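Protein chains in written order, with this note's numbering: chain A, 1 to 136; chain B, 137 to 603; chain C, 604 to 755.
The structure is reproduced here in structure tokens:
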């Protein structure tokens with residue numbers, strides 16, 4: 001009877017690994033990736049679907065940050081911070097369902113506009129947000 | 137003279153796959169199919185998570201949508217059902233929780249099942265419920281295949297629903313009579329080249345205590361409520377392998393066999409299965425028109441751009457599948473009866489010949505699947521590297537661009553499949569005609585209209601898919 | 604006897620159908636033309652939904668979008684272009700392959716993007732005629748096969 005119980009426990013463990021542990025593992029891995037570098041996750045959506053999920057992004061002058069832009073929409077979006085030169089010479093385009101990484105170290109303090117740089121909807125001109133850079 | 141399928145395969149040819157080394161031992165272990173189910177469960181965990189996290193983002197870049205509607209559905213049609221019969225049911229993780237709850241064990245055997253253990257209502261012991269559930273599910277295909285959250289809701293509904301049904305009804309009644317996919321697999325597994333049967337009927341005849349039916353300390357009573365010693369068709373056998381464990385005479389086997397032989401078994405043929413054949417063929421036609429056709433209006437209807445459009449789609453879709461297609465077939469069945477012998481009831485002619493739609497129906501789905509596979513399978517490479525759209529690149533393929541391949545010869549694959557379906561349907565059709573009518577002359581005359589229907593249907597499908 | 608007559612009449616009818624329809628397959632070749640076709644993309648279909656050209660035509664497709672970024676990929680020819688609102692994409696090719704080819708959207712443009720398809724038909728569609736004839740031949744062979752007299 002001992003053997004049967006051991007088999008049952010092993011079977012149960014396999015089920016837990018396949019489900020709960022798998023989910024936990026995935027979440028842990030993603031969290032680890034975001035913590036490796038200071039990462040700010042930004043969701044790109046057309047204005048009618050919610051617009052950028054961070055209308056204001058707070059950054060510190062001189063501190064490197066990695067923007068992880070996830071396009072959770074079904075059309076291509078773009079990203080640009082004209083006053084900081086992001087997405088000007090090298091356009092940042094994020095296809096639907098894809099993710100783009102933008103490395104950024106804000107040199108000056110102030111409030112800067114960021115916007116979608118690809119025509120994505122009738123309300124495309126409203127797809128903007130603010131980046132607020134404060135002194136160290 | 138033994139009948140032969142396509143003039144090549146003797147209808148009663150069987151090769152016992154369990155005679156190969158180690159196979160029998162593996163099938164008799166309680167770890168099988170448990171290990172396969174757990175493996176599948178881990179993939180489903182990723183599918184469910186990705187579908188949930190995906191929300192209303194792009195379905196073509198979502199692991200959940202890709203793996204359910206592209207990988208799994210195509211695999212089911214092209215490989216699993218035609219070759220391995222209901223082997224998907226063997227490994228399906230959706231009712232697993234319900235069953236483990238009934239058994240209060242993952243592996244071990246318990247005498248009584250936990251739960252109310254009610255018997256399934258008699259009037260529903262057929263395919264009708266599944267016909268309507270499957271048809272109903274197809275109303276939402278526009279959303280299921282494009283919005284990850286919709287796929288999540290469908291899968292969770294099946295998981296929760298099966299747990300509830302497992303707690304109320306005995307054993308795998310959900311799988312046998314309730315699962316939308318079960319109806320399709322049930323009928324089409326009649327085509328498969330594998331089967332589970334008792335090897336030596338003499339042994340079963342003399343073995344009065346049917347352990348395969350009532351269970352013993354080595355395994356459960358057949359969860360699919362079948363009589364393993366007596367199975368004549370694949371239709372309701374979920375290949376769970378319990379009977380391999382319970383049979384003290386080691387008499388259960390998995391056979392390799394010619395295709396479509398179950399369609400010739402004149403047992404429990406019914407209008408429920410006939411309608412399943414019509415529905416599957418009709419849905420293939422409608423889905424092709426909407427998803428692979430050029431008509432923007434139809435796509436707007438299926439996408440529910442307007443309520444009227446959506447209701448129009450549901451109305452036309454249902455009417456065609458439930459009434460129009462069967463109606464057209466009825467006319468040809470009527471012709472068959474008139475030409476052959478009025479002594480055979482029209483209902484019998486109609487029902488029997490409806491089984492000839494199974495090979496053609498499967499080939500219509502195979503052709504449809506090629507239409508998905510060649511243009512869109514490259515998306516799978518993206519989702520396996522970045523399953524949750526979090527910017528991962530596990531296998532280095534997350535930036536693999538959309539790459540259609542071999543689109544030039546894709547129509548040849550489609551035409552080839554449809555013609556193969558026609559040939560098999562005609563072959564089965566004549567054999568069924570000989571079963572339906574008394575004399576060979578009657579069978580020949582009765583076959584003409586059915587052959588005409590099958591050929592016209594094939595020509596229509598060829599034109600639809602490739603013209 | 605009756606069966607034989609029915610059988611012979613049926614075969615005769617079928618042969619007549621076969622010959623009567625063969626002129627369609629050998630349709631007169633039209634003069635090849637240069638065509639410029641404008642295809643308008645909007646979620647989730649193209650206008651026109653079906654384009655028909657003749658084998659050998661030189662086809663130029665002007666591709667415009669009325670709402671978002673769309674693409675156009677031609678099956679078989681494996682040519683593509685894309686366009687954003689206000690721009691114009693272009694594909695020029697000689698229609699040297701006959702048959703029906705799906706033209707698909709190659710830029711994800713919304714939920715129904717995978718179903719955004721239109722058709723290019725290059726006539727005459729030899730493949731279609733051949734396939735339909737093959738189905739007819741299968742039918743005739745099967746009828747002849749079952750109708751033959753069994754040896755006593």
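All C-beta atoms, glycine included, are put in the ideal place defined by N, C-alpha and C. None of these values were measured; they are calculated from a predicted model.
For residue 450 of chain B, same chain residues with a beta-carbon under 8 Å away, outside a window of 5 residues either side, are 275 in chain order.
In the displayed model, residue 680 of chain C falls within coil according to three-state DSSP, outside both helix and strand.
Distance from the CA of residue 140 of chain B to the CA of residue 397 of chain B, rounded to the nearest whole angstrom, comes to 10 Å.
Scanning B/586, B/318 and B/500 for the CA closest to the CA of residue 552 of chain B turns up B/500. Taking 9 Å as the threshold, the shortest C-beta distance from residue 650 of chain C to chain B falls below it.
Here residue 194 of chain B is near residue 711 of chain C, since their CB atoms are less than 9 Å apart. When the Cα atoms are used, residue 715 of chain C and residue 482 of chain B turn out to be separated by approximately 44 Å. Contiguous alpha helix (DSSP H) elements confined to the stretch 215-279 of chain B occur at 217-220, 223-227, 232-239 and 264-275, taking only those with 4 or more residues. Contact between the stretch 490-499 of chain B and the stretch 405-418 of chain B is present: three or more C-beta pairs spanning the two stretches fall below 8 Å. Per DSSP, reduced to three states, the secondary structure at residue 112 of chain A is strand. In this structure, B/324 is the residue among B/355, B/462 and B/324 with its C-alpha nearest to the C-alpha of residue 223 of chain B. Take the alpha-carbon of residue 735 of chain C and the one of residue 599 of chain B: they are about 8 Å apart.
Around the Cβ of residue 238 of chain B, a 10 Å sphere holds 16 or more other Cβ atoms; the residue is buried.
Within its own chain, the residues whose Cβ lies closer than 6 Å to the Cβ of residue 112 of chain A, once the five positions on either side in sequence are excluded, are 81, 83, 84 and 131, listed in chain order. In this structure the stretch 293-307 of chain B touches the stretch 247-254 of chain B; the number of beta carbon pairs closer than 8 Å is three or more.
Beta-bridge annotation (DSSP): residue 78 of chain A is paired with A/93. For residue 586 of chain B, same chain residues with a beta-carbon under 8 Å away, outside a window of 5 residues either side, are 468, 469, 472, 489, 492, 565 and 569 in chain order.
For residue 733 of chain C, the enclosing alpha helix (DSSP H) begins and ends at 729-750.
By the criterion of at least three beta-carbon pairs nearer than 8 Å, the stretch 91-111 of chain A is in contact with the stretch 58-65 of chain A. Among the residues facing chain B, residue 92 of chain A is not included, as its CB has no counterpart in that chain under 9 Å away. By the neighbour-count criterion, in which a residue is buried when 16 or more other Cβ atoms sit within 10 angstroms of its Cβ, residue 24 of chain A is exposed. Residue 516 of chain B places its beta carbon 9 Å or farther from that of residue 296 of chain B. At least one CB of chain A lies nearer than 9 Å to the CB of residue 236 of chain B.
Around residue 219 of chain B, the same chain offers 328, 329 and 330 as residues with beta carbons nearer than 7 Å, after the five sequence neighbours per side are excluded. Taken through DSSP and simplified to helix, strand or coil, residue 44 of chain A comes out as strand. In this structure, residue 687 of chain C places its C-beta atom within 9 Å of the C-beta atom of residue 118 of chain A. Counting the other CB atoms within 10 Å of its CB gives residue 98 of chain A a total of 16 or more, which places it among the buried residues. With respect to the C-alpha of residue 424 of chain B, the residue from B/176, B/453 and B/373 having the closest C-alpha is B/453.
With a cutoff of 9 Å on beta-carbon distance, residue 590 of chain B and residue 556 of chain B are scored as not near each other. Proximity of residue 97 of chain A to chain C, defined by a Cβ-Cβ separation below 9 Å, is satisfied. With its beta carbon at least 9 Å from every one in chain C, residue 142 of chain B lies outside the interface. Residue 381 of chain B sits in a helix when the DSSP states are folded into three classes. Among the CB atoms of chain A, one or more fall inside 9 Å of the CB of residue 711 of chain C. A check of alpha carbon separations from residue 545 of chain B across B/507, B/522, B/426 and B/593 identifies B/507 as the nearest.
Taking a C-beta distance under 9 Å as the contact criterion, residue 676 of chain C and residue 644 of chain C do not qualify as a contact pair.
One alpha carbon belongs to residue 728 of chain C, the other to residue 658 of chain C, and they sit about 9 Å apart.
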